[in-house]
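Per my numbering, the sequence shown starts with residue 1369, numbered consecutively.
Notes for the one structure printed next.
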Amino acid sequence: MEYDEDEISYREILEFFFRVHDPTTEDREGPDVGSQYRSIILYQDSDQRQTAEEFIREKQQEYEDDIVTEVNRLEQFYKAEEKHQDYFDKNPNDAYCTMHAQPKVEKARNFGD
């Protein structure tokens, strides 16, 4: 993922990430279970790492359960299979999309309000 820091800050991306998922649930996102669904922040440099770790410490005060989000260096990025690219846009009536993705999309659309 590339972003323009003149448009959105790294910290704002972290805010968005925490808004659209539960960082206290280990290896799970909605009905999906497994380590591939874990909460993880991948950083590219020491500044991003420090920002992510500070952000998690600050956010912990807002949660009763421990935040389990991992903070790891990005070693290699693998693009998702083609069938998963733009999945929500391509499958708006899919049961998974309407039950689990749609609420996240609404949160995303309201980000910054």
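Heads up, the beta-carbon is just placed ideally off N, CA and C, and yes, glycines get one too.
Bear in mind the structure is a predicted one, so any value in this text is a computation, not a measurement.
Exercise for review: Hey, could you find the ends of the beta strand (DSSP E) Val1436 is sitting in?
Suggested key: First-last for Val1436: undefined, no H or E at that position.
Practice item. Have a look at Arg1387 and Phe1445 and give me their C-alpha separation to the nearest angstrom. Key: 23 angstroms
Exercise for review: For Leu1410, name the three-state secondary structure that DSSP assigns.
Suggested key: strand
Review point. Apart from the five residues on each side of it in sequence, which residues of its chain come closer than 6 angstroms, Cβ to Cβ, to Arg1406?
Key: Asp1395
Review point. In the DSSP assignment, what residue or residues form a beta bridge with Arg1441?
Key: Tyr1411
Practice item. Out of His1389, Gln1416 and Pro1391, state which residue places its alpha-carbon closest to the alpha-carbon of Tyr1378. Key: Gln1416
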